[in-house]
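Visitor: To start, I am sharing the structure in question, which I have written as structure tokens.
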Amino acid sequence: MANQRGEVVGPQKSFVVEMRARREAAGLSRCRLAEALGCTPQWLAKVENCDKAPSEGLAEDLDTFWTTGGTFHRLWEQMAEARRQRLIPSAFRPLIDAEQEAVQIGIYEPLLIPGIFQSEEYARRVLSTGFHQEKLEDLLSIRMGRQKLYEKADPPVIFLAIREAVIRDLPAEVRTDQCKKLLDLMSWQKVFVQIVPAGTHVFEPSGFQVLSFADSADIAYVEGANGHGQMFVRAEEVRGLDVLFNVIRTIALSVEETRHLVQTIMEDA
């Protein structure tokens, strides 16, 4: 990880410093260490000079060679996490952190299936525009990782109000899997999905979320273009969005009606 001046900082720097210190303390040249690890001295030199990022394999080999108990692998994991964080738009990071601590989440979505409800193939399609394959896979991993909140011992209660057009406009090649994903999540005790039917007078163009916590005040997040959303913490602003969300839910289909409509759209695919 490099700062704006190109200097390497953070976990990668710590990895390199630790590797070089151990090599020099053992009196090993790069060539001798490379031979022991089964890599080329040229590649090892690039890692030590921070021209190349260490691989997970190198971390594991160094832990084995020096019997460190996982020191290098932990540093590599920190590097990988830092890289993933850099891929997430800065305005979106607080939401990802908050949803892991929330006890209740209310989501209104007029345009897309929300990330924590997306099937893998739908998520891949959404993320694929404008990204190179390497970056796409990292982003996909982040998105799928967010869904682990369903696996928590005490997951949050999640309410989703979603426009009918979002379901009907699903691309044919992902529609069945995505509808199955929605139906599966709707079977969870704490997940409630309601479709806002076509023709309903809901003119809110932006998706938003209201998150509640056990020991702190509610917050809200409003979507923006290209990940440039905004987090709201002022009580009156959050309350206004909470009221809007509840109004939308009152004119949406019931959970059972929604389940039937999703099933029908899936079978018509």
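Under UniProt numbering, the first residue of the sequence shown is numbered 1, with each subsequent residue one higher.
A virtual CB, placed ideally from N, CA and C, is assigned to each residue, including glycine.
Would you say ALA123 and LEU111 are within 9 Å of each other, going by their C-beta atoms?
Guide: Not in contact: ALA123 and LEU111 (Cβ atoms no closer than 9 Å).
Visitor: Could you please give the first and the last residue of the uninterrupted alpha helix (DSSP H) stretch that includes TYR221?
Guide: It is not in any alpha helix (DSSP H) - TYR221 instead sits in the beta strand (DSSP E) that spans 219-222.
Visitor: With DSSP run on the structure shown, which of helix, strand or coil describes ALA91?
Guide: Looking at ALA91 - three-state DSSP - the assignment turns out to be coil, as it is neither helix nor strand.
Visitor: Select from TRP76, ARG23, ARG83 and PRO94 the residue whose C-alpha is nearest the C-alpha of ALA229.
Guide: For the record, residue 229 in the displayed sequence is Gly; it is not Ala. With distances taken between Cα atoms, GLY229 lies closest to PRO94.
Visitor: Here's the rule I'm using: 16 or more other beta-carbon atoms within 10 Å means buried, otherwise exposed. How should THR258 be labelled?
Guide: Looking at its Cβ environment, which holds 16 or more other Cβ atoms inside 10 Å, THR258 is buried.
Visitor: Helix, strand or coil: which one does DSSP assign to GLY106?
Guide: GLY106 falls in the strand class under three-state DSSP.
Visitor: Among residues of its own chain, excluding the 5 on either side of PHE192, which ones have a beta-carbon nearer than 6 Å to its beta-carbon?
Guide: Hits under 6 Å: PHE159 and VAL255.
Visitor: I'd like to check one pair, LEU211 with GLN104: are the Cβ atoms closer than 9 Å?
Guide: Cβ atoms of GLN104 and LEU211: closer than 9 Å.
Visitor: Would a check of beta-carbon distances place VAL47 closer than 9 Å to chain B?
Guide: Checking the listed chains, one finds no chain B in this structure; it contains a single protein chain.
Visitor: Got a sec, what are the start and stop residues for the beta strand (DSSP E) GLN230 sits in?
Guide: Start and end: 230-232.
Visitor: GLY57 to ALA98, Cα distance in whole Å?
Guide: About 33 Å.
Visitor: Determine, using beta carbons only, whether LEU261 and ILE167 come nearer to each other than 9 Å.
Guide: For LEU261 and ILE167, yes; Cβs fall inside 9 Å.
Visitor: Specify the secondary structure class of PHE72 as computed by DSSP and reduced to three states.
Guide: Three-state DSSP puts PHE72 in a helix.
Visitor: Give the list of continuous beta strand (DSSP E) stretches no shorter than 3 residues that lie fully inside the segment 23-54.
Guide: Counting whole runs of 3 or more residues, the segment 23-54 contains no beta strand (DSSP E) stretch at all.
Visitor: According to DSSP, is GLN194 part of a helix, a strand, or is it coil?
Guide: GLN194: strand per DSSP, three-state reduction.
Visitor: Are at least three pairs of beta-carbons, each pair with one atom in the segment 69-79 and one in the segment 39-57, less than 8 Å apart?
Guide: With a cut-off of 8 Å, the segment 39-57 and the segment 69-79 count as touching, because enough Cβ pairs lie within range.
Visitor: Sort GLN263, ALA252 and MET266 by Cα distance to GLU109 and report the nearest one.
Guide: When each option's Cα is compared against that of GLU109, the closest is ALA252.
Visitor: Just list the residues that DSSP pairs ALA161 with in beta bridges.
Guide: Beta-bridge pairing links ALA161 to TYR108 and GLN194.
Visitor: Rounded to whole angstroms, what is the Cα-Cα separation between residue 281 and THR71?
Guide: Missing from the structure shown is residue 281; the chain here goes from 1 to 269 and no further.
Visitor: Short check: CB of ALA198 to CB of ALA172, under 9 Å?
Guide: Going by C-beta atoms, ALA198 is not nearer than 9 Å to ALA172.
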